[in-house]
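Q: Below you will find the structure I want to go over with you.
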Amino acid sequence: MIHKFSMDGVNMVLDIYSGAVHVVDDIVYELVDDYKKYSRDQLIQKYKEKYEISQVEEAIEEIEALEKEGLLFTEDMYVDYLSQFQGRNPIVKALCLHIAHDCNLKCKYCFAGEGEYRGHRSLMSAEVGKKAIDFLIQASGNRRNLEIDFFGGEPLMNFEVVKEIVDYARSIEEKHNKNFRFTITTNGVLLDDDIQAYINEHMHNVVLSIDGRKEVHDRMRYTVNHKGSYDIVVPKFKKIADSRNQTNYYVRGTFTRENLDFAKDVLHLADLGFKQVSVEPVVAPKEMSYALREEDLPMLYAQYEELARELVHRKKEGQGFNFFHFMIDLTQGPCVAKRLAGCGSGSEYLAVTPEGDLYPCHQFVGLEEFKMGTVFEGIQNLPMQKQFQACNVYAKDECKNCWAKFYCSGGCAANAYQFHGDIHIPYKIGCELEKKRVECALYVTAKLAE
Amino acid sequence: MKHIKTLNTATLKKSMAKGGCGECQTSCQSACKTSCTVANQSCENN
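Residue numbers (full-length UniProt numbering), protein chains in the order written: chain A, 1 to 450; chain B, 1 to 46.
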């Protein structure tokens, strides 16, 4: 399978099953579609009017050479390979701890229902948190690197418990030959110097929630008094980002139908001095006014293209920043096993509620039918864990034939369930945006390699 | 080559040899929490 696209005169051809990425001229870009359909002579006949025969011959020879090297028209060789991994007993290596089902902001688009997750306000106790650590150590088999994400609601509303959990995990990691990596996500309202110092000492990554321009941010992210939170959080976020030398963090925003020109928000965050930026499409029920619609896609594509061009420009000027979804490392990226297996939700990645209940991921929390067990008793619903483990790109009809499957690994199971009631049917708008982001990311890579 | 510039080699195919150790970061843990992308994750086994 190949996929080709052209942007601003840069023609790209991807060989999906080898992972090779090629930048090609106009002749090859046209010819590659016909290469498998026609003989060499037929190709020359077809293209001789438009291009010189010698050029057509050269193009054919180059395509032939790449095919021989296994860099074009590579066949799928991963279905059997995948079965080796699917047969393994699932292990858990990452937990999202819902430290606080409560929040000090009332964000309009919050999937967590202002922190309550279809339930009541509650805070995780240190006891539950420590049990979660014990559960993870026990369920992780021989995996050494384990991840804990402190999530909410707003985790800073229960920060003393965060500290107790971190101390506990650190106190036993060596004994169990584990290496814990902690991440915390925060809206920034309660961030102060002490908390910043603690985060910098202990957290591998910190995710700072901000949507972009002040008017965009304040329209969605307001306090209980309906006052925007932009002015409260921006100085704190700038300070913590600088204190981490502009690495190992993300400012992370959400765009909605109310700011379809979201490229401006990404650039606004970059202009504020942030070097690690992630701004992502909202996933919301269709009936919400701010939910993205299929008719918005052309505008959103244009925004990603604009962003890609500007990113190239800024990087060439030495003013670059990282946009999470345009970061593709073509040489050191994840292995094919990871790309096939998906995000790991429900199998190697689980969410823990303040009460200690286990769910496939943070987005499933509160959907009682997805409760998988507790940190006290472990995973009770093993068939569900197996079902999530088997939810790989080959288990989804939409993904099997999609060129982007090794870049996105099958999309978000929670989004699929939310829109189709089935974790195996991907959310279409999400897929289309992901494909566009991958193309733009590859365009950026090609432009920077010129 | 005059007509084709290859930006990388057969990285996916090569990764079959030592892939699947599972020590890498979980994709959703890094930044996104909503939109799944794995291609920008890094390998712990390189």
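C-beta: ideal position from N, C-alpha, C; glycine also.
What are the boundary residues of the alpha helix (DSSP H) that includes A:Leu43?
A: Arg40 to Tyr47
Q: Among residues of its own chain, excluding the 5 on either side of A:Glu61, which ones have a beta-carbon nearer than 8 Å to its beta-carbon?
A: No residues qualify anywhere along the chain.
Q: If you compare alpha carbons, which of A:Ile44, A:Lys68 and A:Glu69 is closest to A:Glu58?
A: A:Ile44
Q: State the DSSP-derived secondary structure class of B:Lys5, mapped to helix, strand or coil.
A: strand
Q: Alpha carbon to alpha carbon, how far is A:Asp26 from A:Lys36?
A: Answer to the nearest angstrom: the Cα atoms are 18 Å apart.
Q: Taking contact to mean 3 or more Cβ pairs, one atom from each stretch, closer than 8 Å, check whether the region 309-324 of chain A and the region 371-386 of chain A are in contact.
A: no
Q: Under the rule that 16 or more other beta-carbon atoms within 10 Å means buried, what is A:Glu294, buried or exposed?
A: exposed
Q: Going by Cα to Cα distance, which pick from A:Val283, A:Asn401, A:Leu260 and A:Gly273 is closest to A:Glu306?
A: A:Leu260
Q: Just to confirm before moving on: does the CB-CB distance between A:Glu154 and A:Leu190 stay below 9 Å?
A: yes
Q: Does the count of Cβ pairs from the region 218-237 of chain A and the region 174-191 of chain A closer than 8 Å reach three?
A: yes
Q: Got a sec: is the Cβ-Cβ distance from A:Ala308 to anything in chain B below 9 Å?
A: no
Q: Output needed in chain order: residues of the region 315-349 of chain A with a Cβ under 7 Å from some Cβ in chain B.
A: Phe324, His325, Met327, Ile328, Asp329, Leu330, Thr331, Gln332, Gly333, Pro334, Cys335, Val336, Ala337, Lys338, Arg339, Cys343, Gly344, Ser345, Glu348 and Tyr349
Q: Would you list, in chain order, the members of the region 22-39 of chain A that have their beta-carbon closer than 7 Å to a beta-carbon of chain B?
A: His22, Val23, Val24, Asp25, Ile27 and Val28
Q: Mind checking A:Ser18: buried by the 16 CB within 10 Å criterion, or exposed?
A: buried
Q: Assign A:Gly253 to one of three DSSP states: helix, strand, or coil.
A: strand
Q: Under three-state DSSP, which class holds A:Val224?
A: coil
Q: Can you find the residues in the same chain that come closer than 7 Å, C-beta to C-beta, to A:Asn248, ignoring five residues on each side of it along the sequence?
A: His204 and Asn205
Q: For a contact defined as C-beta to C-beta under 8 Å, what are the partners of A:Leu66 on chain B?
A: Ile4 and Thr6
Q: Going by CA-CA distance only, name the one from A:Ile63, A:Thr353 and A:Lys400 that's closest to A:Ala112.
A: A:Thr353
Q: Cβ closer than 9 Å: which chain B residues qualify as neighbours of A:Thr256?
A: Taking a Cβ-Cβ threshold of 9 Å, none of the residues of chain B is close to A:Thr256; the smallest such distance is about 12 Å.
Q: If the cut-off is 7 Å on Cβ atoms, which residues from the region 84-99 of chain A count as contacting chain B, listed in chain order?
A: For the region 84-99 of chain A, residues whose beta-carbon sits nearer than 7 Å to a beta-carbon of chain B comprise Phe85, Lys93 and Ala94.
Q: Measure the CB-CB distance between A:Glu147 and B:Thr6 and report whether it falls below 9 Å.
A: no
Q: Looking at the structure shown, is A:Met1 part of a helix, part of a strand, or coil, going by DSSP?
A: coil
Q: Tell me the DSSP bridge mates of A:Thr186?
A: For A:Thr186, which the question treats as bridged, DSSP gives the partners A:Leu208.
Q: Got a sec, what are the start and stop residues for the alpha helix (DSSP H) A:Cys96 sits in?
A: Per DSSP, A:Cys96 belongs to no alpha helix (DSSP H); it is in the beta strand (DSSP E), Ala94 to His101.
Q: Identify whether A:Thr374 lies in helix, strand or coil by the three-state DSSP scheme.
A: strand
Q: Starting from A:Glu62, find everything on chain B with Cβ-Cβ shorter than 8 Å and list it in chain order.
A: Met1, Lys2, His3 and Ile4
Q: Could you work out which residue in A:Phe419, A:Asp102, A:Cys110 and A:Glu164 is closest to A:Lys130 when comparing CA atoms only?
A: A:Glu164
Q: Along chain B, in chain order, which residues have C-beta atoms closer than 8 Å to that of A:Glu58?
A: Listed along the chain, the chain B residues whose CB falls inside 8 Å of the CB of A:Glu58 are Lys2 and His3.
Q: Tell me A:Gln276's beta-bridge partners as DSSP assigns them.
A: A:Asn322
Q: Which of helix, strand or coil does DSSP assign to A:Val24?
A: Of the three classes helix, strand and coil, the one that applies to A:Val24 here is strand, per DSSP.
Q: With a 10 Å radius around its C-beta and 16 neighbouring C-beta atoms as the bar for buried, classify A:Leu300 as buried or exposed.
A: By the C-beta density criterion, A:Leu300 is buried, having at least 16 other C-beta atoms within 10 angstroms.
Q: So A:Val162 and A:Phe150 are in contact, right, with Cβ under 8 Å, and what is the actual spacing, rounded?
A: 5 Å
Q: Taking only beta carbons into account, state which residues of the region 129-156 of chain A come closer than 7 Å to chain B, listed in chain order.
A: Taken in chain order, the members of the region 129-156 of chain A whose beta-carbon sits within less than 7 Å of a beta-carbon on chain B are Arg143, Arg144, Asn145, Glu147 and Asp149.
Q: I'd like to check one pair, A:Ala351 with A:Leu97: are the Cβ atoms closer than 9 Å?
A: yes
Q: So for A:Pro235, helix, strand or coil by DSSP?
A: It is helical.
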